[in-house]
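Here the sequence shown is numbered in the numbering used here, starting from 1135 and rising by one per residue.
Here a beta-carbon is modelled for each residue, glycine too, at the ideal position from N, C-alpha and C.
In this text the structure is predicted, and so the values were computed from the model without any measurement.
Here the structure is laid out as structure tokens; the discussion comes afterwards.
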Amino acid sequence: MAELKNITITKEANIYYDGKVTSRSIVLEDGSVQSLGIMLPGEYTFGTAQAEIMEMMSGELDIKLPGEDWKTLNTPESFNVPANSSFDLKIKTVTDYCCSYIQD
């Protein structure tokens, strides 16, 4: 979905890895939560509490999900991350993403 309507945005940014990864949290009309962000080139590991759907809108990257080998993503593309796990990213170019948090 390219456009989101009737949302609440948290103005304060979530900043990770010395500013190389940033996002803003949004709450949709139905109460679901997403983060919209940018990742600069580098290698990162992220942990999850909830299951997530990561949508990569633009950029070049490699990903290693739990129990899987590294693979290259051709954006736009999405992937699912299980709850209580972690995943690794190798960001090759500036990458635009949307993370949707899945409620149990």
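Cutting at 7 Å between CB atoms, please list the residues of its own chain near residue i, excluding the five before and the five after it.
{"i": "residue 1195", "result": "1207, 1223, 1224, 1225, 1226, 1229"}
{"i": "residue 1236", "result": "1184, 1185, 1186, 1187"}
{"i": "residue 1170", "result": "1157, 1158, 1160, 1232"}
The beta strand (DSSP E) with residue i in it runs from where to where?
{"i": "residue 1196", "result": "1194-1198"}
{"i": "residue 1218", "result": "Unbroken run through residue 1218: none, as it is neither H nor E."}
{"i": "residue 1205", "result": "1205-1208"}
In three-state DSSP terms, what is residue i?
{"i": "residue 1153", "result": "helix"}
{"i": "residue 1170", "result": "strand"}
{"i": "residue 1214", "result": "strand"}
Going by beta carbon distance, what residues of the same chain come within less than 8 Å of residue i, once the five residues before and after it are set aside?
{"i": "residue 1139", "result": "1163"}
Leaving out the 5 sequence neighbours to the left and right, which residues in its chain are closer than 6 Å to residue i when beta-carbon positions are compared?
{"i": "residue 1181", "result": "1220"}
{"i": "residue 1189", "result": "1212, 1232"}
{"i": "residue 1173", "result": "1155, 1225, 1229"}
{"i": "residue 1204", "result": "1196, 1198"}
{"i": "residue 1167", "result": "1161, 1235"}
{"i": "residue 1214", "result": "1187"}
{"i": "residue 1177", "result": "1224"}
Write down the C-beta distance between residue i and residue j rounded to the nearest angstrom, noting that I regard them as a contact closer than 8 Å.
{"i": "residue 1210", "j": "residue 1191", "result": "5 Å"}
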